[in-house]
Amino acid sequence: MLEGIFVDGLIFSIMVIGILISFRVMDFADLTCEGSVAAGAAIATVHIVNGGSIIVALLLAFLVGALAGGVTAVIHNKFKIPGLLAGILTMTMLYSINLRIMGNRANIPLLKSETFFDKVENLFPFLPSSVASLIGITLVVLLIKAVVDIFFRTDLGLSLGALGGNEQMVISQGINPEYLKIMGIGVSNGLIALSGGLLAQYQGFADGNLGQGMIVQGLAGIMIGEFLFSSNRISLITLRAILGAIIYKALMFLGRKYGYIIHITPNDFKLLTGVLVIISLWVASGRSKASARSAKKNAIQRSLDRTGEIK
Amino acid sequence: MIEINNLTKVFYPGTVNEKVALENVSLNVEAGEIVCVIGSNGSGKSTLFNLISGSYPVTNGQIIFKDKDVTKMPEYKRAQYIGRIFQDPTKGTAANMTIEDNLITASSKGWKSLKISLNNARRKEFKELLIPIGLQERLKDNVGLLSGGQRQALTLLMTIMSNPEVILLDEHTAALDPRNADIVMDLTQKYIAEKNLTAMMVTHNMKFAIEFGTRLIMMDEGKIILDVKGEEKKRLTVEKLLEIFKNIKNEEFTNDEGLLNV
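Taken in sequence, the protein lines are chains G and X.
At position 240 of the first sequence the residue is numbered 239 (numbering that gives the first Met the number 0), and the sequence of numbers has no breaks.
At position 76 of the second sequence the residue is numbered 75 (numbering that gives the first Met the number 0), and the sequence of numbers has no breaks.
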């Protein structure tokens with residue numbers, strides 16, 4: 000049971016890292032997510048059902064997501080429409096495309112095929128299957144986290160961060176912001192779709208409606224993570240996103256298990272998730288005010304310590 | 000270095016809001032020249048800068064950098080040659096990143112690679128560079144925590160680091176308090192001299208425009224109405240400048256006098 004929460008949370012955390020890249024690092028409100036997570040699930044499932052390998056299935060999921068993200072960025076660049084609208088357009092179009100990928104079926108079961116999780120269970124026959132799944136997904140998430148952390152320390156990754164902070168600065172540095180957006184939103188949605196591909200294998204089916212409400216859930220995960228600690232280091236930022244994702248899934252699990260006591264049903268979860276995001280925003284705004292106050296205090300102290308320098 | 004031929008910019012052409020911001024302006028800035036641009040609000044100074052840097056498309060005319068026509072070149076490509084500092088201190092730096100990340104991003108122009116350039120050797124180098132602006136101990140602080148003066152000084156440092164050939168300074172000290180404005184201005188002069196840069200600077204401070212630089216341009220209603228350099232510029236005084244302005248305008252300019260602070 001506990002392992003289940005962690006596996007669920009870790010799969011979800013890959014998506015949260017993807018959303019973190021678009022929403023937080025690039026400051027680009029990208030809703031492609033809801034379509035790309037289902038697209039990743041669809042293509043991975045179809046590939047596995049047709050006897051393809053799991054690695055290729057996951058790579059395909061990443062590529063489809065990256066392509067979807069790229070389309071969003073191109074729409075945003077070429078027609079000068081807000082990222083939000085560009086994302087909604089891609090997401091809506093993806094709904095049809097996903098059904099096409101799945102051969103015009105609303106869902107495809109994966110029960111008869113060997114999935115990623117079956118593979119790791121076979122790898123560790125001496126362990127309970129849930130523990131083996133947990134080990135497998137933990138390794139995948141750690142690998143992704145390491146790659147993302149390293150990427151954002153490279154010059155290219157830093158310029159993506161600069162784009163989120165100040166687009167003019169990126170232009171002044173002689174970098175085409177349009178290419179950066181295609182790349183960043185592409186990587187973001189690639190990870191989201193990869194998460195979808197793993198999710199389909201874990202729950203045993205792909206579904207055209209898989210993405211519904213995912214963006215708000217992902218934001219909830221990010222915000223819960225931001226409660227834990229504040230940092231400007233990318234390795235800690237991705238770490239808290241992963242922890243936030245797991246905590247979110249744990250909260251939802253508790254809601255499903257014990258929610259009946261206070262008459263909460265799974266039907267209420269979308270409402271509760273939204274409320275959770277709003278509460279997070281509220282607390283975060285209070286905290287940023289408090290930290291601004293303490294920063295001011297520190298600045299005054301510093302200026303008292305060393306006069307004669309620039310205040 | 001910069002050759003501008005018959006440059007015209009019309010905003011909102013064909014609408015009731017049509018406005019000619021720049022009218023048939025020609026200007027040739029030689030390498031190594033330091034040009035101060037003065038003029039009242041709405042005279043076209045900022046428009047001229049925005050056209051040179053490529054922020055706005057040109058309505059008519061031609062801009063040439065080092066014998067290369069850049070009139071249609073996008074802003075990010077022209078940025079290879081140009082370093083630009085805005086009046087708004089927040090425009091030159093990324094607030095969500097640390098000082099060292101900002102510096103490393105600014106240390107080279109153009110598309111970045113998957114290389115990790117930030118290492119301890121670079122950090123040491125950055126520390127040295129930051130000493131004149133007193134930020135040497137704050138490499139890992141987010142730029143958002145800095146004051147306007149510190150941010151503008153950092154922007155100046157970053158602009159110089161990326162080795163531009165021309166710098167455009169658009170009233171880059173106007174938003175700062177007098178003390179910080181002086182510090183940033185001193186640094187500006189120092190770096191321009193050190194790197195032998197070609198510079199264009201918009202300022203509202205007439206006294207400064209006279210003392211600083213090798214050439215002075217006055218703009219009014221989208222045209223260059225005065226262009227002095229060399230010995231002639233050295234002999235210029237604020238009173239003389241105001242008188243020239245009055246004669247050229249040939250009218251009382253109580254409004255403009257208020258806008259140009261002496």
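Idealized CB from N, CA, C, for every residue including glycine.
For residue 144 of chain X, go through chain G and note every residue whose CB falls closer than 9 Å to its CB, in chain order. 294, 297, 298
Cβ-based neighbour list, residue 162 of chain X, same chain, cut-off 8 Å, excluding 5 preceding and 5 following: 108, 194
Report the partner residues of residue 215 of chain X according to the DSSP bridge assignment. X:35, X:227
For residue 146 of chain X, does the three-state DSSP call read helix, strand or coil? coil
Return yes when the Cβ of residue 199 of chain G is within less than 8 Å of the Cβ of residue 44 of chain G, no when it is not. yes
When you compare only the Cα positions, how much space is there between residue 58 of chain X and residue 170 of chain X? 24 Å
Can you have a look at residue 251 of chain X and say buried or exposed, based on whether 16 or more other CB atoms are within 10 angstroms of its CB? In this predicted model, residue 251 of chain X has a pLDDT of only 47, less than 50, meaning its place in the structure is not dependable; the value taken from the coordinates is given anyway. That one is exposed.
When you compare the CB of residue 153 of chain G with every CB in chain X, is at least one pair closer than 8 Å? yes
Straight-line gap, residue 283 of chain G to residue 150 of chain G (C-alpha atoms, nearest Å): 27 Å
Quick check: is the beta carbon of residue 86 of chain X nearer than 8 Å to any beta carbon in chain G? no
Quick one: Cα of residue 294 of chain G to Cα of residue 228 of chain G, how far? 17 Å
Indicate whether the contact test is met: 3 or more Cβ pairs, each with one atom in the region 61–76 of chain G and one in the region 182–191 of chain G, closer than 8 Å. yes
Residue 204 of chain G - containing beta strand (DSSP E), residue span: 204–206
Determine the extent of the beta strand (DSSP E) in which residue 60 of chain X is found, giving its start and end residues. 59–64
Among residues of its own chain, excluding the 5 on either side of residue 234 of chain G, which ones have a beta-carbon nearer than 6 Å to its beta-carbon? 148
Going by Cα to Cα distance, which pick from G:241, G:299, G:85 is closest to residue 145 of chain G? G:241
Take residue 222 of chain X and list the residues in its own chain whose beta-carbon comes closer than 7 Å to its own, dropping the five residues that flank it on each side. 22, 24
Residue from G:18, G:35, G:21, G:28 with nearest C-alpha to residue 206 of chain G: G:35
Could you name the residues of the same chain whose beta carbon sits closer than 6 Å to that of residue 86 of chain G, not counting the 5 residues immediately before and after it, in chain order? 29, 30, 31, 71
Report yes or no: do three or more beta-carbon pairs, one from the region 102–113 of chain G and one from the region 123–133 of chain G, lie closer than 8 Å? no
In its own chain, which residues sit with a C-beta less than 7 Å from the C-beta of residue 184 of chain X, not counting the 5 before and 5 after it? 172
Can you look up residue 76 of chain G in the DSSP assignment and give me helix, strand or coil? helix
With three or more beta-carbon pairs closer than 8 Å as the criterion, would you say the region 53–63 of chain G touches the region 208–217 of chain G? no
Does residue 170 of chain G have its Cβ less than 8 Å from a Cβ in chain X? yes
Neighbour list for residue 284 of chain G in chain X, Cβ cutoff strictly below 8 Å: Per Cβ cutoff of 8 Å: no residues; residue 284 of chain G is ~16 Å from chain X at best.
Within the 8 Å Cβ cut-off, does residue 174 of chain G reach chain X? yes
Under 8 Å between the Cβ atoms of residue 133 of chain G and residue 15 of chain G? no
Short of 9 Å Cβ to Cβ, which residues in the region 160–175 of chain X face chain G? 161
Partner residues on chain G for residue 95 of chain X, Cβ-Cβ distance less than 7 Å: 160, 163, 164
Can a CB atom of chain A be found closer than 8 Å to the CB of residue 231 of chain G? Among the chains of the structure shown, chain A does not appear; the protein chains present are G and X.
Would you report the Cα separation of residue 280 of chain G and residue 33 of chain X, rounded to the nearest angstrom? 49 Å
Closest to residue 65 of chain G by CA distance: which of G:191, G:231, G:257, G:226 is it? G:191
Considering only the alpha carbon of each residue, which of X:149, X:178, X:75 lies closest to residue 175 of chain G? X:75
Straight-line Cα distance separating residue 299 of chain G from residue 168 of chain X: 30 Å
Between the alpha carbons of residue 22 of chain G and residue 221 of chain G, how many angstroms are there, rounded? 10 Å
In the DSSP assignment, what are the bridge partners of residue 83 of chain X? X:167
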